[in-house]
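Chains as they are written, first to last, in our numbering: chain A, 18 to 279; chain B, 340 to 721.
Where a beta carbon is used, it is the ideal one built from N, C-alpha and C, also for glycine.
Notes for the one structure printed next.
Structure follows, in structure tokens:
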């Protein structure tokens with residue numbers, strides 16, 4: 018099946034001073050899939066996300082997102098591209114001086130011809146789609162719990178119906194119930210809206226529950242990509258440790274039990 | 340108007356409304372997305388819902404959640420009016436988006452807030468007053484806490500943190516010397532200069548010495564020093580304690596059996612109590628030096644004559660009146676700064692808010708207390 022590649026990394030190299038984080042890294046992300054990026058601490062998962070989303074300039078290599086060469090793109094091209102993706106940061110990164118609704122409205126303000134009442138109504142819709150109660154729109158980020166802030170961050174990332182969303186540790190710091198609900202939200206939204214999701218995580222349950230494909234970062238590159246099942250057969254010490262460790266077995270058992278029930 | 344067509348262009352989406360016997364057919368053509376939704380929603384809002392509706396999406400190239408929202412709103416309106424709505428010609432993607440939006444349509448409770456009545460306003464005034472009273476009581480409680488912990492550390496010297504005290508003396512005292520000295524020097528010059536202009540009219544130039552010495556020793560030296568220290572140190576205390584509070588360091592101290600008041604408040608406030616009189620003294624000396632320099636240059640009052648008149652005058656009692664205030668100012672600034680730091684919540688915004696509030700409160704308190712001292716000294720005749 019020929020799948021459309023929406024993110025294409027070739028020979029990516031990022032470094033801080035003399036510390037090389039990625040070297041000669043290749044990765045493809047296909048349209049409509051949920052790709053989970055895993056790796057040990059310090060392997061540069063978040064750095065990779067920042068490089069693709071344009072927050073950090075790599076030292077070498079090529080990044081193509083939705084057919085646009087990000088590093089060579091002009092100002093206007095970049096702006097148009099940024100409207101087609103959304104980023105959710107770890108703690109939501111909401112603007113603290115604005116209410117949740119106003120936060121979601123921020124990206125919408127760039128749309129010409131969208132009037133105030135419609136914008137507010139659409140922001141309310143996005144808040145509701147990300148699973149927050151209607152009243153949360155009037156709250157300031159400091160009045161929300163961590164899980165609600167993440168949902169509000171997702172609502173802002175989805176404000177312009179992007180084609181790609183980048184999620185940085187979407188379930189970190191959530192209780193298992195909240196994390197499972199968030200996994201379900203990501204999975205539902207990606208299916209119903211045809212989203213491509215690039216998600217950085219440590220959470221094995223999230224990988225099981227949401228990801229179509231997994232990319233393992235190690236040794237400064239993408240060591241291997243594949244489905245959860247394929248990961249189990251990879252013969253690499255870190256990958257083995259990660260996907261066969263005690264936590265991985267528990268997560269697998271849960272998912273299998275859930276599959277058997279339904 | 341059976342069979343009549345009404346085409347309306349709304350951005351890149353065309354909407355046609357047409358009555359077909361039993362149903363009203365609304366056909367959409369083009370891209371119904373966030374860029375076109377404002378006009379489309381307005382147009383769809385005008386569609387009368389006195390008949391069953393049929394939404395024909397077969398010519399729609401693109402629909403996003405914003406477009407689906409406009410359709411769902413029309414559907415909700417028709418259903419509220421008791422009319423059935425059917426959607427035809429939607430591809431799988433459009434159906435999925437509409438389903439998602441339909442499920443998430445917020446149910447706003449748009450009741451406007453009732454306008455504030457007179458009673459509400461009175462209540463707000465009352466609450467504000469009660470808050471101000473509670474704030475004052477809390478400050479007094481912090482003062483008490485500081486005194487108790489300080490006295491206890493005198494009884495149990497092991498608890499006393501000498502290193503922290505020295506560190507804070509350096510921070511609030513020695514590092515403030517340049518700014519305090521510069522301020523005092525300039526104040527001395529300004530006083531001498533202004534005094535010279537006025538006193539020359541009466542041929543009473545020599546009284547510039549009394550003007551400078553009385554005003555600086557009695558009021559300006561210590562008051563302005565306290566204001567500078569309030570701006571510099573109260574904010575630093577609030578920021579330091581507040582960021583510890585924010586990162587739960589204060590809670591960690593409590594669980595480890597360390598008393599935050601003893602570890603954080605006592606060294607800081609005590610450092611201020613020690614250093615503010617010294618800073619005030621430095622301000623007095625430098626201010627009079629500045630005044631003497633200006634008196635010499637502008638009025639020809641020689642340094643020797645300045646010194647003689649200074650020592651002949653009521654210098655000592657003025658100095659006492661000024662310096663008595665210093666420890667009081669120090670305690671007020673320190674207590675306000677530490678108290679504000681402890682009020683910081685979990686977010687960075689409250690840290691900024693409390694820091695600026697602590698500076699305002701500290702400066703305001705210093706000026707109020709100075710005024711009370713003035714009345715007191717006038718009554719006792721000093």
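CA nearest to the CA of residue i, picked from the options
i	options	result
residue 566 (chain B)	B:668, B:547 and B:391	B:668
residue 353 (chain B)	B:388, B:400, B:360 and B:391	B:400
residue 131 (chain A)	A:107, A:176 and A:156	A:176
residue 389 (chain B)	B:413, B:576 and B:718	B:413
residue 518 (chain B)	B:568, B:534 and B:489	B:568
residue 547 (chain B)	B:563, B:530 and B:556	B:530
residue 563 (chain B)	B:498, B:714 and B:703	B:703
residue 234 (chain A)	A:246, A:270 and A:259	A:259
residue 37 (chain A)	A:25, A:77, A:47 and A:66	A:77
residue 408 (chain B)	B:553, B:581, B:442 and B:712	B:442
residue 502 (chain B)	B:621, B:607, B:378 and B:428	B:607
residue 657 (chain B)	B:549, B:470 and B:631	B:549
residue 522 (chain B)	B:629, B:371 and B:651	B:629
residue 96 (chain A)	A:171, A:54, A:79 and A:71	A:71
residue 61 (chain A)	A:85, A:217 and A:251	A:217
residue 674 (chain B)	B:574, B:532, B:588 and B:368	B:574
residue 367 (chain B)	B:585, B:377 and B:410	B:410
residue 599 (chain B)	B:678, B:437 and B:381	B:678
residue 270 (chain A)	A:243, A:225 and A:112	A:225
residue 178 (chain A)	A:231, A:140 and A:230	A:140
Span separating the alpha-carbon of residue i from that of residue j
i	j	result
residue 690 (chain B)	residue 122 (chain A)	26 Å
residue 699 (chain B)	residue 707 (chain B)	12 Å
residue 94 (chain A)	residue 75 (chain A)	19 Å
residue 57 (chain A)	residue 364 (chain B)	58 Å
residue 266 (chain A)	residue 187 (chain A)	21 Å
residue 169 (chain A)	residue 406 (chain B)	21 Å
residue 348 (chain B)	residue 392 (chain B)	At residue 348 (chain B), the pLDDT of 46 sits below 50, so the modelled position is not reliable; the number obtained from the coordinates is stated separately. When rounded, the distance between both Cα atoms is 20 Å.
residue 223 (chain A)	residue 196 (chain A)	8 Å
residue 26 (chain A)	residue 43 (chain A)	5 Å
residue 557 (chain B)	residue 632 (chain B)	20 Å
residue 383 (chain B)	residue 257 (chain A)	57 Å
residue 589 (chain B)	residue 466 (chain B)	30 Å
residue 374 (chain B)	residue 45 (chain A)	30 Å
residue 636 (chain B)	residue 660 (chain B)	30 Å
Beta-bridge partners of residue i, as assigned by DSSP
i	result
residue 359 (chain B)	B:362
residue 47 (chain A)	A:22
residue 242 (chain A)	A:232
residue 79 (chain A)	A:27
residue 102 (chain A)	A:181
residue 425 (chain B)	B:393
residue 370 (chain B)	B:401
residue 56 (chain A)	A:234
Limits of the alpha helix (DSSP H) - the one that residue i falls within
i	result
residue 502 (chain B)	501 to 511
residue 722 (chain B)	The shown model of chain B, from 340 to 721, leaves out residue 722 (chain B), and the question about it has no answer.
residue 25 (chain A)	No alpha helix (DSSP H) holds residue 25 (chain A); the beta strand (DSSP E) holding it covers 22 to 33.
residue 563 (chain B)	560 to 568
residue 402 (chain B)	Looking at the DSSP string, residue 402 (chain B) is not in any alpha helix (DSSP H); the run it does join, the beta strand (DSSP E), is 392 to 402.
residue 541 (chain B)	Run containing residue 541 (chain B): none; DSSP gives neither H nor E here.
residue 635 (chain B)	Run containing residue 635 (chain B): none; DSSP gives neither H nor E here.
residue 259 (chain A)	254 to 261
Bounding residues of the beta strand (DSSP E) (the contiguous stretch that carries residue i)
i	result
residue 183 (chain A)	181 to 185
residue 230 (chain A)	230 to 235
residue 116 (chain A)	No beta strand (DSSP E) contains residue 116 (chain A), which DSSP labels as neither H nor E.
residue 213 (chain A)	213 to 217
Cβ neighbour criterion (16 or more within 10 Å) applied to residue i
i	result
residue 528 (chain B)	buried
residue 432 (chain B)	exposed
residue 165 (chain A)	buried
residue 552 (chain B)	buried
residue 152 (chain A)	exposed
residue 694 (chain B)	buried
residue 420 (chain B)	exposed
residue 254 (chain A)	exposed
Closer than 6 Å: residue i CB and nearest the ligand NAD heavy atom
i	result
residue 474 (chain B)	The ligand NAD is not part of this structure, which contains no ligands at all.
Can you pull out the residues from the segment 99 to 132 of chain A whose beta carbon lies closer than 9 Å to at least one beta carbon of chain D? Among the protein chains in the structure shown, which are A and B, there is no chain D.
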